[in-house]
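Asker: 1015 is the number that this note's numbering gives to position 129 of the sequence shown; each next residue is one higher, with no gaps.
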Amino acid sequence: MKKLIMLFLAIMVLFQTSAALAKTIEPEDTEIERYAGRTLHATVGAYDKEDGTFTVTIYDYDRYDEDDLRMLAAGDTLLAGGRLYRITGEQMVGDTKVFLCDDGEEIYFERSYDDDDDMNAYSTMDDRIFMKVVAVLQLPPAGNIVYEDYSDPDLDAEPVITEGLDAILPIQNEKQEYSIGFDSYSTTITLNENLEIVKIHQVFDVAQ
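1. Could you compute how far the alpha carbon of glycine 990 sits from the alpha carbon of proline 1039?
2. For asparagine 1006, write down the residues that DSSP places opposite it in a beta bridge.
3. Under three-state DSSP, which class holds lysine 1085?
4. Suppose you measure from the CA of tyrosine 1033 to the CA of alanine 908; what does that come to, to the nearest Å?
5. What number of angstroms, rounded off, separates the C-alpha of glutamate 976 from the C-alpha of alanine 1053?
6. Report the CB separation of isoleucine 1083 from isoleucine 1031 in whole angstroms; it is logged as a contact under 8 angstroms.
7. Check for me: the beta strand (DSSP E) holding proline 1027 runs from which residue to which?
8. Using 10 angstroms around the beta-carbon of leucine 964, count the other beta-carbons present and answer buried if the total reaches 16, otherwise exposed.
9. Can you tell me whether arginine 969 is helix, strand or coil according to DSSP?
10. Decide yes or no for the touch test of the stretch 981-989 against the stretch 926-941: beta carbon pairs closer than 8 angstroms, at least 3 of them.
11. By a C-beta neighbour count over all protein chains shown, 10 Å radius and 16 as the cutoff for buried, is glutamine 1024 buried or exposed?
12. Can you name the start and end residues of the alpha helix (DSSP H) that aspartate 1052 belongs to?
13. Hey, could you find the ends of the beta strand (DSSP E) threonine 1074 is sitting in?
14. Closest to valine 1092 by CA distance: which of Ala1007, Ser1065, Thr910 and Asp946 is it?
15. Given a cut-off of 8 angstroms, decide if serine 1070 and threonine 943 are closer than it, judged by their beta-carbon atoms.
16. I'd like to confirm the pairing. Which residues does DSSP put opposite methionine 978 in its beta bridges?
17. Quick one: using the 10 Å Cβ neighbour count with 16 as the cut-off for buried, is aspartate 1004 buried or exposed?
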């Protein structure tokens, strides 16, 4: 009995030591320093007719330091897309290292297309890039606002271009009712120097 107790205590010490050595990898700060004149990933929400603005949630890619990722291992925790993922293991898929998570998620990293110093996290489930909320803003449409609809899964299909707020709002309502709306996975907005939305651009997404 005494030996069993000693063995149990030894296992507990080993477990606590392993937990103490585990680390959490977080994304670095966002690259977005200003909004005016930029094209940004965003969810375009409800339009408030009283103050003439859309509720807009701005997103940026989660960006990681490559040196931090080299140390990522089973037992560590990864913050991605605003959620914590416990790493349970890893496997190679071709030349790509994929990290397995305790909830079934599988995450891999690739160099950011817009900054060679950063790495982005991707889900193997749908190849989406993990993003985080940067800000929630009330932004007005520009008088010449345009909606570019490239969401047809047929890549040869012609985009549908709609001009003017009065014409765009019914389309937004329809997409919110039957699809994913103007969601950040598929939507970017372009702002002018007055922080007015001059363009809403939407592409195909697997969730629509």
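Glycine is no exception: its CB is placed at the ideal position from the N, C-alpha and C atoms.
Answerer: This is what the structure gives:
1. 28 angstroms
2. Arg949 and Glu996
3. strand
4. 47 angstroms
5. 49 angstroms
6. 6 angstroms
7. 1027-1036
8. buried
9. strand
10. no
11. exposed
12. 1051-1064
13. 1073-1077
14. Ser1065
15. yes
16. Lys983
17. buried
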